[in-house]
DNA sequence: ATCCGGGGCA
DNA sequence: TGCCCCGGAT
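Numbering (the numbering used here), first residue to last: 0 to 495.
Here it is in structure tokens:
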């Protein structure tokens, strides 16, 4: 399956988790990833979500690509010069200039161009079809003349900005000969301003759009230009399909079995969490949502023994009012933990919530967020421990924190750059381990706890981890590291 | 700041 | 259909 990344990366990632769950249930292995199709030779910055499910749990190995990027020049540099509004006149049927018209074509230069020209009938070797463009307005022609690939809409002279420059900063975009095209979207059927030709004063032709989507020149498009543009923009780039298809074929021939299922990992995590006696983050078992708020606000990132000490104090505060009533005790208790300042923060939060007449146990995430006194991450966690009623259609966020992403990326053997990839690969990996409906609640909390205790940043204590049987890190490096440094391995304190 | 989407009218 | 315009989500 291919789709836009947003399909998988919404807050709760419920669609993805359900798909994985049901496919695994049917006996498939599942692999998913957000890929830049430029890695497969597509001359665009076009990131897409891919999901591959193979029958009989055959493990999928992603294509590695050859690392060669196709530039715009390599993709369309061989196509003949064109004027805006041009329609071919030398077609087979003069009354149907678009469908049958063609322009004189010389010959392919780059490897990519030769691939695009393959498969043409002999009588079409000197022709290129569908090389048609929109007319260009006089003011646009003037604007295009002033632009290079880095020019922004707001850089243009005032009189050439027909659209409101406060909302459109990327209304126009000139392609860069030596770069990637921006994503060819179906919107190109409406206007072509994101695809101004690198050096000609016009937007790109149907054939140029097709080339950037890696459609060979023998592929023709049905209907008028707007329809052709829409077909092209909505397509999966054939070259991406080819790359993934080849990888699927390889995987099927290798026929290696996947060593885990999401459901099993999720079950192990949940069971581990429920049997864990004392937690590094005790407020993962807060009896009320407010207690989780208090714990995370006052005690986050403290060493486990210290956090547990503090928790004895705040665990006796089930609601904001009880916190206010115990304000002195709160200040006195938190000060020696180095969190005296957090006591005042908490009291502010508590009184704001009380004043607003909101009960955190009944409130929606949006209502608490709107108060503006709670950190978003704290709200996320509180609703993770005590999920809401999903009145807004969401089901709580998948928490891609440094800790959960560390566990998940170690498990899958990915070296996740914690800052750059946390929003994509990291979140996908976390969602996988949480799984579908059955154990996801406790598995989610287990990941948080694991990342803050057993699966520590330095040398993790893999021997204590419920996932060590199928974890890529544990089975390759984890136990080895512990043998080298048993002192570190025994350190279960979990300072992040 | 970047990456996309859609409604209205001749 | 083609062209014009006005946005939103992250």
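Even for Gly, the Cβ is constructed at its ideal location relative to N, Cα and C. Bear in mind that the values here come from a model prediction, so they are computed numbers and not experimental data.
- In the DSSP annotation of this structure, residue 163 is not part of any alpha helix (DSSP H), being labelled neither H nor E.
- Counting the other CB atoms within 10 Å of its CB gives residue 204 a total of 16 or more, which places it among the buried residues.
- Residue burial annotation: residue 212 is buried, with at least 16 other C-beta atoms found within 10 angstroms of its C-beta.
- Of the other Cβ atoms in all chains shown, 16 or more fall within 10 Å of the Cβ of residue 37; this residue is therefore buried.
- In this structure, the CA atom of residue 262 is about 32 Å from the CA atom of residue 293.
- In the displayed model, residue 53 falls within a strand according to three-state DSSP.
- Scanning its chain for C-beta atoms nearer than 6 Å, with the 5 sequence neighbours on each side dropped, one finds around residue 146 the residues 173, in chain order.
- Under DSSP, residue 44 takes part in a beta bridge, and its partners are 181.
- Here residue 83 has 132, 133, 134, 135, 140, 200, 201, 202 as same chain residues with Cβ atoms under 8 Å from its own Cβ, once five neighbours each way along the sequence are excluded.
- No Cβ-Cβ contact shorter than 8 Å links residue 430 with residue 413.
- Under the Cβ criterion (8 Å, minimum of three pairs), the stretch 345-357 counts as touching the stretch 319-330.
- By the 16-neighbour rule on beta-carbons within 10 angstroms, residue 12 is buried.
- At least 8 Å separates the beta-carbon of residue 138 from that of residue 206.
- DSSP, reduced to helix, strand and coil, places residue 382 within a helical segment of the structure shown.
- Counting along the chain, residue 35 sits inside the beta strand (DSSP E) bounded by residues 28-35.
- Under the three-state reduction of DSSP output, residue 195 falls in the strand class.
- Going by beta carbons, residue 7 and residue 28 fall outside the 8 Å limit.
- Counted as a single uninterrupted DSSP element, the alpha helix (DSSP H) harbouring residue 401 occupies residues 401-411.
- Boundaries of the beta strand (DSSP E) harbouring residue 127: 126-128, taken from the DSSP string.
- Where residue 117 is concerned, there is no enclosing alpha helix (DSSP H), because DSSP gives it neither an H nor an E.
- Nearest Cα to residue 53 within the set 273, 163, 189, 248: 248.
- Counting only runs of 4 or more residues that sit fully inside the stretch 200-274, the alpha helix (DSSP H) segments are 205-211, 224-233, 237-253, 261-274, in chain order.
- Counting along the chain, no alpha helix (DSSP H) covers residue 315, and no H or E run does either.
- Along the length of the stretch 336-374, whole alpha helix (DSSP H) runs at least 4 residues long occupy 339-354, 364-370, reported in chain order.
- For residue 469 and residue 243, the gap between their C-alpha atoms comes out near 26 Å.
- Annotation: residue 171 to residue 232 spans about 18 Å, alpha carbon to alpha carbon.
- Across the set 296, 359, 379, 354, the C-alpha of 296 shows the shortest separation from the C-alpha of residue 339.
- Three or more beta-carbon pairs separated by less than 8 Å are not found between the stretch 398-412 and the stretch 323-342, which leaves the two stretches without contact.
- Comparing alpha-carbon positions, the option among 289, 197, 164, 186 lying closest to residue 179 turns out to be 197.
- Within 10 angstroms of the beta-carbon of residue 192 lie 16 or more other beta-carbons, which makes it buried.
- For residue 50, same chain residues with a beta-carbon under 6 Å away, outside a window of 5 residues either side, are 0, 31 in chain order.
- Relative to residue 286, the option among 225, 448, 310, 188 whose CA is nearest is 310.
- Boundaries for residue 21: no beta strand (DSSP E) harbours it, while the alpha helix (DSSP H) harbouring it runs 13-24, taken from the DSSP string.
- Taking the Cα of residue 269 as reference, the smallest distance to any Cα among 445, 39, 472 is reached at 445.
- Taking all protein chains in view, the Cβ of residue 254 is surrounded by fewer than 16 other Cβ atoms within 10 Å, so the residue is classified as exposed.
- In this structure, the alpha-carbon of residue 162 lies about 59 Å from that of residue 460.
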